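Quick note: the sequence shown uses our numbering, first residue 3, plus one each step.
What follows is a single structure, written as structure tokens, with notes after it.
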Amino acid sequence: MNISISNTYLKATINSKGAELNSLLKNDREYMWQGNLEFWGKHSPILFPIVGTLKNDTFIYDQKQFQLSRHGFARDNEFEIEEQQPESVTFLLKSSSKTEENYPFQFELKVIYTLEGNNLNVKYQVDNKSETSLPFSIGGHPAFSLPDNFENYSLEFKNDYSLKSYFLKNDLLSEEFQNIDLKNNRLNLNYALFKNDALILKNLESKSITVFENEKPLFNFEYDDFPNFGIWTKEKASFICLEPWFGYSDKLETTQNILEKEGIIILAKNNSFSASFSVVIY
């Protein structure tokens, strides 16, 4: 089921399956990738309770093995609509006997979309309902439409002069990396940047990225709360994914113990976690 919220400037549409943002309109311009199975059929999946890939799609907890596919299961589940206002909507996913087969923890995940002027804010809230600590990762995967020639776009990083991007090997994170120099804090997009999959950035100095179209600022992506970041597209596709993360794929030398996973959040019993990112349309 699609739910729309709107104000004077923006209209956002979110699918209750996966609480996935699939449209963001301003003045009839669509800012979200509309999906094309030739390249990638999603729009903005939520990554939870893992980000990226586990070694053999498996983690160990309490000396038992559990299976979790890439990016976890939130994106494939139907969310409840907990609250809806003209300019905001809150989606809720609760743990169940089904989720506990693959992830033996009790939780509530809320995804809150709010429009304020030209800004769409997306907030994740995780509540630990277990009797133990809750280990998880979470992140966004929004794909933004780039309808012009891909090389006519660039990304400006306010506080970075180069990017340190880690390589994946068999979908797992290696210690090998490349340094990508920026010109005046700007990364000019081209498909060759993504020949080895996503750019995986552990520690950016910048907490916002401005997307330029033909040297004109198109929108600003703000992610103050998130320590890790991914940037991704596919050859000849007209989108760019800007992905704020807590965590990333398993490292090659992982123990597979989820409590030891690099980048994992360990949320204490009865505690709550929240993090937000925003899209500000010019």
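For glycine and all other residues, C-beta sits at the position ideal for the given N, C-alpha and C.
This one's a predicted model, so the numbers in the text were calculated from it and none came from an experiment.
Could you spell out the range, first to last residue, of the alpha helix (DSSP H) harbouring residue i?
i: S90; result: Note, S90: premise wrong, no alpha helix (DSSP H); beta strand (DSSP E) at S90 to K96.
Smallest Cα separation from residue i: which of the options?
i: N205; options: N190, F248 and K171; result: F248
i: Y250; options: K238, K263, Q67 and F241; result: K263
i: S210; options: K131, A270, L157 and V53; result: L157
i: D78; options: G37, E22 and S90; result: E22
i: G74; options: T60, Q67 and T235; result: T60
i: Q36; options: G265, F241 and T235; result: F241
i: F109; options: I268, L254, R31 and F279; result: I268
i: V281; options: N104, V124 and S98; result: V124
i: F146; options: G20, I266, L27 and N198; result: L27
i: P106; options: K112, S97 and I114; result: S97
i: Q258; options: Q67, S278 and W42; result: Q67
i: S167; options: L184, F152, L203 and N190; result: L203
i: R31; options: P47, I48, K13 and L39; result: K13
i: T116; options: S8, G232 and K185; result: S8
i: F41; options: E85, K236 and P149; result: K236
i: S25; options: L39, Y11 and S6; result: S6
i: Y63; options: L94, M34, T134 and L122; result: T134
i: N181; options: D173, A76 and L195; result: L195
i: H339; options: K197, K253 and R72; result: With the chain represented from 3 up to 284, any question about residue 339 goes unanswered, as that position is not in the structure.
i: G141; options: L111, P149, E118 and D150; result: L111
i: L165; options: L220, F221, G232 and N222; result: G232
i: T10; options: P88, I52, E82 and K197; result: P88
i: I52; options: N151, Q69 and G43; result: Q69
i: L189; options: E215, E177 and N198; result: E215
i: D183; options: D227, L191 and T101; result: L191
The beta strand (DSSP E) spanning residue i covers which residue range?
i: T60; result: T60 to Y63
i: K288; result: Nothing can be reported for residue 288: it is not among the residues displayed for the chain, which extend from 3 to 284.
i: N130; result: N121 to N130
i: S274; result: S274 to I283
i: S46; result: It is not in any beta strand (DSSP E) - S46 carries neither H nor E in the DSSP assignment.
i: K100; result: Here K100 belongs to no beta strand (DSSP E); instead the alpha helix (DSSP H) covers S99 to N104.
i: K66; result: K66 to Q69
i: W234; result: N230 to W234
i: S8; result: N4 to S8
i: F138; result: L136 to F138
i: Q86; result: E82 to Q87
i: N267; result: Note that residue 267 is Ile in the sequence shown, not Asn. First-last of the beta strand (DSSP E) with I267: I267 to L269.
With a 10 Å radius around its C-beta and 16 neighbouring C-beta atoms as the bar for buried, classify residue i as buried or exposed.
i: Y163; result: exposed
i: P137; result: buried
i: M3; result: exposed
i: N29; result: exposed
i: A270; result: exposed
i: N130; result: buried
i: Y155; result: buried
i: N230; result: buried
i: Y193; result: exposed
i: G119; result: exposed
i: P219; result: exposed
i: S276; result: exposed
i: S274; result: exposed
i: P246; result: buried
Looking only at DSSP bridge pairs, what is residue i linked to?
i: S25; result: T15
i: R77; result: Note: R77 sits in no beta bridge, so no partner.
i: A145; result: C243
i: R31; result: K28
i: F248; result: I140
i: K57; result: Answer by DSSP bridge pairing: none, since K57 is not bridged.
i: K253; result: L175
Considering only heavy atoms of the ligand MG, does any lie closer than 8 angstroms to the CB of residue i?
i: V128; result: No copy of the ligand MG occurs in the structure displayed, which carries no ligand at all.
Indicate whether at least one CB of chain D lies closer than 9 angstroms to the CB of residue i.
i: E85; result: Checking the listed chains, one finds no chain D in this structure; it contains a single protein chain.
**OP:** Give, in chain order, every unbroken run of the beta strand (DSSP E) that is at least 3 residues long and sits entirely within the stretch 147 to 228.
**Re:** 155 to 159, 164 to 171, 174 to 183, 188 to 190, 201 to 203, 210 to 215 and 218 to 224
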